[in-house]
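Asks: Here's a structure for you.
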Amino acid sequence: MLDAAYYAALGLSSIHEKVLSGQRLSFEDGIALFNCPDITAVGALALHVRCRLHGHNAFYVVNRQINYTNVCVNGCTFCAFRRDAESDSGAFALSLDDVLARLRDADSTPLHLDELHIVGGCHPTRPLSWFEDMIRSVRAFNPDLPVKAFTAVEIEHFSRLEGISTVEVLRRLQAAGLVMMPGGGAEIFDEKLRPQICPHKADAAAWLRISGEAHSLGIKTNCTMLFGHLETYEHRIDHLCRLREQQDKSGGFTCFIPLPFLTENSLLKLPEDKVGPQRGLDQLRTVAVARLMLDNIPHLKAYWIMMGPKLAPVALWYGADDLDGTIIEERIGHMAGAQSAQGMTIAELEHTIRASGFTPVRRNATFNILDDSDSPEARQ
Ligand code: V47
């Protein structure tokens, strides 16, 4: 599969050698991988790296997502989820009781959650104390449940609203019980493109700085890239290189999640060459290139909600090692036309992983393995 002569014929000898010897790939290498005509050759390199890191394990998490509001001051052009005001059609803002009711429904026998994933729009008035209360109430209900909440963008928003530093916001949320942050809001870092897709959102420098601040406080975070809209391959590789550089400095990114842009109900219209069936292959190639470029980020998630339950497991052969989880309720992707179900059962996730040729491994929010009875190590 990793035949040197074949990679030489593709003009990828040096990349092939670097991957086998564990050396870092350059910006130009990343572009060459995007331009390589044989996507399976790119995938085989990524599979090699993925198996070096995780063997044939594929991770999943028993989780519930809660979006507390879609009212948002940011006005991102790609986003179908957001509403400008609570009075707008389709707008919602959950109360604390609503959040706790959703948690109680999900975190009860026989299903116990290993992650609570909470994100929302940047609400114009809801104060930081509301979010501290929310985390404290969740912890009071189940002190063992890891709370993964708030993107770097929400942290920046709380800081502006309260007139305090982002580090102070992070400290307060950590004191309330926050252990992990999801990776949303990174979109595409390029300074010329970002204003076209998310003009009012925290900029690239702020997103990366806040991630580093979280890491320095011991809060692990994920990171994402929204792709398949206006960006070029150069923008994608630039984005990946900036994540890699930040990780060299602060080391707290646990998982990278490439998010394919879903187009329904979006103000952002795609150029014609971005629409059509080739998008599935582009998603697999992007997973593979990301796995190869991000040599310092341990996990790569093929998020089944956005990629779809058929393509996401294929990505396990292209460098991904995680499918995310049971989810139960998802709004951001579904308001943008995601065709996937709202959730998957543990049995469905495990069957999907096994049927794809991998070993299911249950993890929690911070990627600690919870039940490794199925893993190759445990079977030895
Ligand atoms: O930041 C919004 C993206 C993100 C669309 O960290 C869209 O474990 C595609 O980050 N099409 C939020 N994507 C979701 C997210 C996430 C999801 C699951 C797990 C984790 C994790 C993080 O969703 C946003 C944005 O990049 N998004 N609209 C859309 N139309």
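Under the working numbering, the letters of the sequence shown match residues 1 to 380, in that order.
Glycine included, C-beta positions come from ideal geometry on N, C-alpha and C.
Restricting to runs no shorter than 3 residues, where is the beta strand (DSSP E) found entirely within the region 175–209?
Replies: Listed in chain order, the complete beta strand (DSSP E) runs (minimum 3 residues) inside the region 175–209 are 178–181.
Asks: Using DSSP with H/G/I as helix, E/B as strand and the rest coil, what is Val119?
Replies: Residue state, collapsed to three classes: strand.
Asks: Taking the continuous alpha helix (DSSP H) assigned at Pro313, which residues delimit it?
Replies: That run of the alpha helix (DSSP H) goes Leu311 to Val314.
Asks: Less than 8 Å between the beta carbons of Val19 and Leu47, yes or no?
Replies: Going by C-beta atoms, Val19 is not nearer than 8 Å to Leu47.
Asks: Buried or exposed for Val275, please, with buried defined as at least 16 other CB atoms from any protein chain shown within 10 angstroms of its CB.
Replies: Its Cβ having fewer than 16 others within 10 Å, Val275 is exposed.
Asks: By Cβ distance, which residues of its chain are closer than 8 Å to Tyr345, with the 5 residues on each side in sequence left out?
Replies: Reading the sequence as shown, one finds Thr at residue 345 and not Tyr. Here the set comprises Thr326.
Asks: Under 7 Å: does the beta carbon of Pro360 sit that close to some heavy atom of the ligand V47?
Replies: Outside the cutoff, so no.
Asks: Can you tell me which residues form a DSSP beta bridge with Thr345?
Replies: Its beta-bridge partners do not exist; DSSP assigns none.
Asks: Measure the alpha-carbon distance for Ala93 versus Phe253 and round it to whole angstroms.
Replies: So the two alpha carbons sit approximately 29 Å from each other.
Asks: Given a threshold of 16 other Cβ atoms within 10 Å of its Cβ, counted over all protein chains shown, does Cys36 qualify as buried or as exposed?
Replies: It counts as buried.
Asks: Can you tell me the Cα-Cα spacing of Ser398 and Tyr68, whole angstroms?
Replies: Coverage of the chain is limited to positions 1 through 380, which leaves residue 398 absent and any answer about it impossible.
Asks: Just the Cα atoms here: how many angstroms apart are Tyr303 and Met181?
Replies: Distance between the alpha carbons of Tyr303 and Met181 is about 16 Å.
Asks: Is it the case that the CB of Ala80 approaches a heavy atom of the ligand V47 more closely than 7 Å?
Replies: Yes - the ligand V47 has a heavy atom lying nearer than 7 Å to the Cβ of Ala80.
Asks: Beta-carbon within less than 7 Å of Lys220's beta-carbon, same chain only, minus the 5 sequence neighbours each way: which residues are those?
Replies: So the qualifying residues of the chain are Met180, Gly252, Thr254 and Thr366.
Asks: State the Cα-Cα distance for the pair Gly308 and Gln339, rounded to the nearest angstrom.
Replies: Distance between the alpha carbons of Gly308 and Gln339: 7 Å.
Asks: Can you find a heavy atom of the ligand V47 that lies under 7 Å from the Cβ of Asp324?
Replies: Yes, since a heavy atom of the ligand V47 falls inside the 7 Å radius drawn around the Cβ of Asp324.
Asks: Below 8 Å on the Cβ atoms is my contact criterion, and I expect Ala336 with Asn222 to pass it. Report the Cβ-Cβ distance as a whole number of Å.
Replies: In fact, because the Cβ distance is near 20 Å, the residues do not count as touching under 8 Å.
Asks: Quick check: does the Cβ of Cys412 come within less than 7 Å of any heavy atom belonging to the ligand V47?
Replies: In this structure the chain extends from 1 to 380, so residue 412 is not present and cannot be described.
Asks: Are Leu170 and Glu213 touching if we call contact CB-CB under 8 Å?
Replies: A contact, by the Cβ cut-off of 8 Å.
Asks: Please go through the same chain and pick out, in chain order, the residues whose beta-carbon is closer than 7 Å to the beta-carbon of Val314, but skip the five residues on each side of it.
Replies: Only Leu284 meet the Cβ criterion.
Asks: Would you report the Cα separation of Glu187 and Gly228, rounded to the nearest angstrom?
Replies: Those two C-alpha atoms are separated by around 11 Å.
Asks: Beta strand (DSSP E) containing Leu259: first to last residue?
Replies: Its beta strand (DSSP E) spans residues Phe253 to Pro260.
Asks: Tell me, please, which residues DSSP counts as bridged to Ala58.
Replies: Pro360.
Asks: Could you check if Asn74 belongs to the surroundings of the ligand V47, using beta carbon to heavy atom distance under 7 Å?
Replies: No; taking the cut-off as 7 Å, the Cβ of Asn74 has no heavy atom of the ligand V47 nearer than that.
Asks: Could you tell me which residues DSSP pairs with Val147 in its beta bridges?
Replies: DSSP, once it has assigned bridges, lists Leu116 and Leu178 as partnering Val147.
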